[in-house]
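For the sequence shown, the positions run 927 to 1187 when this note's numbering is used. Where a beta carbon is used, it is the ideal one built from N, C-alpha and C, also for glycine.
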Amino acid sequence: MIGDGPSSFGADPSFYDLVRQSGLEPLTVPAGEAPALGLPHGTTVLALKFAGGVVMAGDRRAVEGFAIADSHMDKVFPADGHSAVGIAGVAGQAIELVRLFQTELEHYEKVEGEKLSLEGKANRLAQLLRASLPLVMQGLVVVPIYAGFDLRRTEGRIFRYDVIGGRYEEADYQATGSGSRDAKGSLKKRWRPGLEQAQGVQAAVEALLDASEEDTATGGPDPRRGIFPSVFVITGDGVDEVPETEVRTAYEAVIERRGAS
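Below, the structure written as structure tokens:
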């Protein structure tokens, strides 16, 4: 048990439990106190499967109430070499959750000498969300989406979560955040089995564009200012960010197709 002596200090694969049992506590909000106003919120992120893995993408806008807080916010982060997390909700808390999750996975690998299975990683993220329930009760909500390439099954997998850490696996695609309904509606039309990677990237970009046209908190592409969605591709070779030039090309293809219809 951690805390019984120096010899067992590194024995627990959970970095979160290690921190707590070392006398440190995560941020909490006392019961009955409202969260501070003006907290930036991240909005729409999504993931969809394609023939070789998973595409995960997010718009770049963060909002504070009815004001735009940031037009360049990153909402998709590599969790480890073969998975990524997309965040929606209170931005500061969400980013800290991602950092803790990244550290958890690295700590586990160093202590145990092996990597968690993809399902084990998904379960661990659910536990971290459940541990933040006191913050949720104060309105500081984070709802991530998690996806990765399962090296044991040799396929991409997508997991969604609810605010109290419930974990659910999705078959084909998923979105979360304020524009998720419109993004999923778009993906329902564009997704099909066996998509090529370029087609998956284009479907993701179009879904975020559709969401931005219906949801004011979701930022659409802004070619003049060079603002495009963050797009990552997860395959058996690892997690790679799609270059901005390819995202721009996908966006232009969507606009051209709409103009021709």
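Annotated as proximal: Gly-1015 and Val-1067, with beta-carbon spacing under 8 Å. In the DSSP annotation of this structure, Phe-1027 is not part of any beta strand (DSSP E); the continuous alpha helix (DSSP H) holding it starts and ends at 1017-1038. Judged by beta-carbon spacing, Ser-1156 lies beyond the 8 Å limit of Glu-1132, meaning their Cβ atoms are not closer than that value. Measuring C-alpha to C-alpha distances from Gly-1103 to each of Leu-1054, Leu-1121, Glu-1122, Ile-1071 identifies Ile-1071 as the nearest. In terms of Cβ geometry, Trp-1117 and Tyr-1094 do not form a close pair [threshold 8 Å]. DSSP places Lys-1001 outside any alpha helix (DSSP H), giving it a letter other than H or E. In this structure, the straight-line span from the alpha carbon of Gly-984 to that of Val-1002 is close to 6 Å. If only uninterrupted alpha helix (DSSP H) runs of at least 4 residues are considered, those enclosed by the stretch 1102-1172 are 1106-1116, 1123-1140. Of Phe-976, Phe-992, Arg-1056, Gln-1123, the smallest CA-CA separation from Asp-1141 is found for Phe-992. DSSP places Gly-979 in the uninterrupted beta strand (DSSP E) bounded by 979-984. Between the stretch 1040-1060 and the stretch 1079-1090 there are three or more inter-stretch CB-CB distances shorter than 8 Å, so the stretches are counted as touching.
Per DSSP, Ala-988 is not a residue of any alpha helix (DSSP H); the beta strand (DSSP E) it occupies stretches across 988-990. In the three-state reduction of the DSSP assignment, Ala-1176 falls in the helix class, which pools H, G and I. DSSP, reduced to helix, strand and coil, places Ala-1186 within a helical segment of the structure shown. For Ala-973, the enclosing beta strand (DSSP E) covers residues 971-976. Around Leu-1135, the same chain offers Gly-1146 as residues with beta carbons nearer than 6 Å, after the five sequence neighbours per side are excluded. At a cut-off of 4 residues, the continuous stretches assigned as alpha helix (DSSP H) that sit fully inside the stretch 1051-1077 are 1059-1063. The DSSP-derived three-state label of Ile-994 is strand. Less than 8 Å divides the Cβ of Ala-1010 from the Cβ of Phe-1158. Annotation: Val-1089 is outside any beta strand (DSSP E) and is labelled neither H nor E by DSSP. In the structure shown, Ala-1048 falls within a helical segment according to DSSP collapsed to helix, strand and coil.
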